Amino acid sequence: MHSSFTRLQNVFGFFTTVAFVLGAFIAATDLGSTRSPSGVIKTDNIQVVKGRPHYYSSKKEEYAIIRFSLEADLSSLFTWNTKQLFVYVTADWTGPGNTNNSAVIWDSIITNPSADHLQNIGPVAMKKLKRSAEGKSIAPERGILKLKNQKPKYQITHPSGKIAETADVTLKLHYNVQPWVGLLTWNMDKSFGAWNATKGGISDRFTLPALKSKDSKDKNSAKNKNKTKKP
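The sequence shown: position 180 = 227 (the working numbering), numbered continuously.
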């Protein structure tokens with residue numbers, strides 16, 4: 048006869064097998080959901096400054112501050128299996144020796160109504176989220192982004208300490224879908240089945256401005272003083 052421990056092992060093995068098959072089936076349902084994300088992104092204001100980009104920086108270096116505008120429709124990424132959506136914007140350029148450089152300048156997390164409790168926000172904002180999610184299993188309006196003259200969260204630096212006058216820089220929209228069950232998925236450059244590649248989401252190429260020298264600043268300040276003097 049089998050011992051109680053053997054029977055317990057068999058029950059646990061059967062339970063884990065059923066749970067695994069059910070989880071695989073739930074994850075596979077995402078493949079049939081159409082994804083058609085789109086976005087338009089452009090730069091508003093670009094500055095290159097020399098200083099300490101972070102409070103823990105030990106030396107001064109050049110860093111770029113890029114303000115941008117973004118209009119994106121990511122509502123198709125929200126399904127009943129979507130836990131939250133991680134959205135971020137990168138600045139990409141090719142450096143010397145055809146080296147690819149990419150730096151995140153802004154990011155945000157968009158949760159589904161069923162995952163609102165996971166957000167680390169205040170009680171007032173939480174009440175508004177719960178009120179907007181009443182009776183909804185999916186909130187597609189949360190996938191609509193409209194940002195104007197958005198200030199970046201992170202500055203762009205380079206290991207060399209110099210980044211001014213860098214050419215052929217582009218801003219690109221990225222996303223990461225985090226499901227309740229299944230694998231993490233990122234934005235794709237090519238369509239796959241019902242999942243379409245992001246339409247747009249890349250800005251025009253631009254060049255970072257030159258760093259203003261101390262002499263030019265002194266000249267500009269002197270000109271401004273002369274203008275304010277009365278004859």
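Glycine included, C-beta positions come from ideal geometry on N, C-alpha and C.
From a predicted model like this one, the values you see are computed outputs, not experimental measurements.
Residue range 51-75 is occupied by the alpha helix (DSSP H) that includes residue 57. With contacts defined as CB atoms closer than 7 Å, residue 132 and residue 152 fail to qualify as a contacting pair. Looking from the CA of residue 112, the closest CA among 87, 66 and 203 belongs to 203. With a cutoff of 7 Å on beta-carbon distance, residue 86 and residue 218 are scored as not near each other.
One Cα belongs to residue 54, the other to residue 63, and the distance between them is close to 14 Å. Annotation: the continuous beta strand (DSSP E) that includes residue 110 extends over 108-120.
At a Cβ-Cβ threshold of 7 Å, residue 226 and residue 95 do not count as neighbours. It is roughly 35 Å from the alpha-carbon of residue 52 to the alpha-carbon of residue 75. In this structure, the alpha-carbon of residue 99 lies about 39 Å from that of residue 188. Contact between residue 208 and residue 125 is absent: CB atoms are separated by about 42 Å, not below the 8 Å threshold.
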